[in-house]
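Residue numbers for the sequence shown follow this note's numbering, beginning at 582 and rising by one. Backbone N, C-alpha and C define an ideal beta-carbon position, used for all residues, glycine too.
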Amino acid sequence: MILNMTMKTCICIAGMPASGKTTAALRLSEKLGIAMLSKDEIKEKLFDRIGFQSRQEKVQLGLAAMEILYYAAERCLAAGQSVILENNFEDLSRPGLQALQERTSCRMITILFDGETRAVYERFVKRDQSPTRHRGHVVNDRYPEVGAPAEVKTLSFDAFEQSIEQRGYRRFSIGTLIPVDCTDPARIDVERLAQQIRERMDA
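Below, the structure written as structure tokens:
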């Protein structure tokens, strides 16, 4: 079912890393007929086109990706089109999204992916060690790499848990909140989630 709502909506797919956000966002985009923008995908384009020579430069590319995400979202909303934004939204993300809402007068919906921390952490480690994971996400000193690929340094569970708390992944919300249990990704009912979004967009 393709949506054609008169009130434009910004749907934020939020939650901790490796919680299944990107997969769900792509499926929701297809089911709802709404464009999906991913910060990580933008970062990968910047990694490949510009690269980085230090952790500081990598951080700057991340900030640039966020600005591009908001710019593209604003252009969609200004044209009367709803949009899906996928990112590890955190406490620091709220002002940027609030400004986007004020500039475009859009409705905001947050889909918050959360689950058992240990289960998500295990997926996080497996993802970083996967050969299909973009290397720009897992190395900090230099990309493209020179010579043999550097060994992936796995974040400890304690550090992962601390980062979640400090950044506020679990408490992030703007607009209407729809929580999703991501402990077992296979049990996420995307069709039901799409229907929940439709109902809120119809309200």
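Among the options, nearest to residue i - alpha-carbon criterion
i    : options                : result
L709 : V719, A700, V701, Y702 : The residue asked about is misnamed: residue 709 is Asp in this sequence, not Leu. Out of V719, A700, V701, Y702, V719 has the C-alpha closest to the C-alpha of D709.
V664 : K612, S635, E671, R751 : K612
I673 : S754, R779, C591, L774 : Rather than Ile, the amino acid found at residue 673 in this sequence is Leu. Among S754, R779, C591, L774, the Cα nearest to that of L673 belongs to S754.
D765 : R714, A784, I778, G696 : G696
T757 : E780, Q641, F741       : E780
I692 : M588, R723, L666, R630 : L666
M647 : K624, A729, R630       : K624
R723 : L658, R773, G632       : G632
A660 : Q777, C591, R752, V640 : C591
E655 : K639, S635, L678       : L678
F738 : G717, Y702, S635, G728 : Y702
Cβ-Cβ separation, residue j to residue i (assumed contact under 8 Å), whole Å
i    : j    : result
I690 : I615 : With a Cβ gap of about 11 Å, I690 and I615 do not count as contacting.
V771 : L627 : At roughly 29 Å, the Cβ-Cβ gap does not stay under 8 Å, so V771 and L627 are not in contact.
K815 : Q637 : There is no way to answer for residue 815, as the model of the chain reaches only from 582 to 784.
L650 : K620 : 5 Å
F670 : C763 : Actually they do not touch by this definition, with Cβ atoms about 15 Å apart.
E726 : T698 : Wrong, their Cβ atoms sit about 31 Å apart, outside the cutoff.
I745 : A605 : No, I745 and A605 are not in contact; Cβ-Cβ is about 19 Å, not under 8 Å.
Counterpart residues of residue i in DSSP-defined beta bridges
i    : result
C591 : V664, M689
D762 : D695
D635 : The sequence shown places Ser at residue 635, rather than the Asp named in the question. BP columns for S635 are empty, so no partner.
G596 : F694
T757 : I690
- Query: Between the segment 726-735 and the segment 700-714, do three or more beta carbon pairs fall short of 8 Å?
  - Reply: yes
- Task: Take every Cβ of the segment 598-606, pair it with every Cβ of the segment 677-685, and state whether three or more of those distances are shorter than 8 Å.
- Result: no
- In chain order, which continuous runs of the alpha helix (DSSP H) of length 4 or greater are located wholly inside the segment 685-729? 698-710, 716-719
- Item | Runs of beta strand (DSSP E) lying entirely within the segment 602-650, each at least 3 residues, in chain order | Segments of the beta strand (DSSP E) lying fully in the segment 602-650: 616-619.
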